[in-house]
Amino acid sequence: MFYYSFYLPYTFLPFLLIVFYLLFEKHFTKNWTIWIWWFFCIVLLAWVGWYAVQEGSSLYDFFKGYYHGGRKILRNPDELYDTTCYGYTNFPLLAYLFAPLGNLDKSIAGIVFHIIGYISLFPLGYWLVKLAELKSGYQYLILGLLAINGPLDYSIWLGNTTHIVMLILVLALFFFKHGADWASGIFLGLSGLIKLPLIFSSGYFFLRGKWKVVIGGLLIAISAVVLSLYFIPLSLNTIWLERCIFGTSGDPIPAYNNQSLSAFLARIFIPDNFSWKPVSPPLIYTQFATVGNLLLYLPILVILFLGRKSTKTPTMYIFEFSIVLTCSLLTSPISWSHYLVLLLIPVALYLGLDKKTPPSFWMYGLLAISLILLSLPIQLTYAVFIQTGQVSFLSMHFLGAITLYVFLLITWWQIKAENKSLRQ
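This is the structure:
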């Protein structure tokens, strides 16, 4: 359907259920009515998800990665990672999380995993709206953007965990906003263990001195290390570090669905090579990558320095965090296309800001351009590349993320200027 996956029509349902709830929320006056509504929605989504996955198939990432990891960690852990870390890529201990699915028949395991991910869309949309405290029009806008988001559709079709991790991240920020710093740190730690680029962005709270958040995250990290040392042979942990971390940290991976700065430059300076394996780059790539990373990191340093003494609301803390999140996705060696659905978090936070000065027309235009690029179906960008041969079409989501990054930085600067004028 217009280069989306088979799952797109089914993706609308959880967000339509949220719209219905928001429209009639004032009528849910009793706790038991809310619980019944949520129970009904979960059962309905489980049934629809069961039907959809049998028709839609794929779940490529689940079978080559998570299902493989769940089976091998119990049966033959020495075969958990191949030489290029192409299948299962997470740290060994996490494979135990998928062991129950690994013990099931392959088709049944795929159905169960898809249903879990599909149901997660319902609380994801709801809590994102509540996190940003969106007014009615913006509530429906962000839910609509989720429903048609190409990276989200891609994550569902692949059977990846990105949309599940997005829910965990949204809950982490919701807890922080409402004063539950310990819980926020724990959820941030969990999201970082599953998606490593999120570790960098979570460091924002360390630099801002939010020690309860930091300790909560460290509890997860320390627990993971201790359990790994106890349950996992040191040799297997070493293999993971060598093949999946250090093996991909130097040379770029120019695959069409890698939307990081390094992949963007690799596709330009290493033509006709769209490998999922690291490739040795020329000197000019290294020079541009160094300058590009510096240009992306510099605004973060400015934000951290200029905002170090100013008084902030929890909303501004998480807005700054969302800017760091955007930067971390752009500068990570690997930022798969489905990761960029996470950028709807800063979009929602922006829409929920109490803006004292209405944004200018060109700022709205900048936001619109970024949202269009970030919402494109992945297969559409690839198909246009095949038709035209223009490699830039493989980087549409990266360009959308860059545009959003610039937009967020300008917004931060405008808010800082407004607050300064009010103090004077």
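Start counting the sequence shown at 4; every next residue gets the next number (my numbering). All C-beta atoms in this analysis are idealised placements derived from N, C-alpha and C, irrespective of residue type, glycine included.
Are three or more beta carbon pairs between the region 125 to 140 and the region 263 to 281 nearer than 8 Å? no
Endpoints, alpha helix (DSSP H) assigned at Asn296: Taking the first residue of the sequence shown as 1, we reach residue 296 at position 293. That run of the alpha helix (DSSP H) goes Leu286 to Leu309.
If you reduce the DSSP assignment to three classes, tell me which class Asn261 lands in. Within the sequence shown, the letter at position 258 stands for residue 261. Three-state DSSP puts Asn261 in a strand.
Would you tell me roughly how many angstroms separate the C-alpha atoms of Ile413 and Thr391, rounded to the nearest one? Locating residue 413 in the sequence shown gives position 410, where the first residue counts as 1. Locating residue 391 in the sequence shown gives position 388, where the first residue counts as 1. Between Ile413 and Thr391, the C-alpha separation is close to 34 Å.
Within this structure, are the beta carbons of Trp56 and Gly113 separated by less than 8 Å? Counting from one through the sequence shown, the residue named residue 56 turns up at place 53. Counting from one through the sequence shown, the residue named residue 113 turns up at place 110. One point to set straight first is that residue 56 is Val, not Trp, in the sequence displayed. Yes, Cβ-Cβ distance for Val56 and Gly113 is below 8 Å.
Taking a contact to mean a Cβ-Cβ separation below 8 Å, would you say Ser378 touches Thr406 in this structure? Your numbering for residue 378 matches position 375 in the sequence shown. Your numbering for residue 406 matches position 403 in the sequence shown. Contact: no.
Give the secondary structure of Trp415 by DSSP, where H, G and I count as helix, E and B as strand, and everything else as coil. Locating residue 415 in the sequence shown gives position 412, counting from the first residue. Note: Trp415 maps to helix in three-state DSSP.
Thinking just about the alpha-carbon of each residue, which of Phe401, Lys312, Trp416 and Phe324 is nearest to the one in Pro362? Translated into the one-based positions of the sequence shown, residue 362 becomes position 359. Among Phe401, Lys312, Trp416 and Phe324, the Cα nearest to that of Pro362 belongs to Trp416.
Can you tell which of Arg311, Leu268, Leu230 and Lys312 has the C-alpha that lies nearest to the C-alpha of Val294? Position 291 of the sequence shown holds residue 294. Checking every option, the nearest Cα to that of Val294 belongs to Leu268.
Proximity of Trp339 and Asn260 at Cβ, strictly below 8 Å: By one-based count along the sequence shown, residue 339 stands at place 336. By one-based count along the sequence shown, residue 260 stands at place 257. Yes, these two residues count as a Cβ contact at 8 Å.
On the CB-based measure, 16 or more other CB atoms within 10 Å of its CB, does Asn152 come out buried or exposed? Along the sequence shown, read from residue 1 onward, the residue named residue 152 stands at position 149. It counts as buried.
Pairing CB atoms from the region 45 to 53 with CB atoms from the region 208 to 218, are three or more of them under 8 Å? no
Do Gly403 and Leu376 have their CB atoms nearer than 8 Å? Start at 1 with the first residue of the sequence shown, and residue 403 comes out as number 400. Start at 1 with the first residue of the sequence shown, and residue 376 comes out as number 373. It is a contact, given that the beta carbons lie within the stated cut-off.
Alpha carbon to alpha carbon, how far is Ala386 from Thr87? Here residue 386 is taken as the residue at index 383 of the sequence shown, counted from 1. Here residue 87 is taken as the residue at index 84 of the sequence shown, counted from 1. Straight-line Cα distance between these residues: approximately 27 Å.
Environment of Thr14 [buried if 16+ CB atoms lie within 10 Å]: Here the question's residue 14 lines up with position 11 in the sequence shown. The residue is buried, with at least 16 neighbouring Cβ atoms inside 10 Å.
Length-filtered (3 minimum) beta strand (DSSP E) runs lying within the region 325 to 377: none
Cys247 in three-state terms, based on DSSP: On the sequence shown, position 244 is the one that residue 247 refers to. Of the three classes helix, strand and coil, the one that applies to Cys247 here is helix, per DSSP.
Let me confirm a value: Tyr245 is counted as buried when at least 16 other C-beta atoms fall within 10 Å, else exposed. Which label applies? Position 242 of the sequence shown holds residue 245. Rather than Tyr, the amino acid found at residue 245 in this sequence is Glu. When all chains shown are included, Glu245 counts as exposed.
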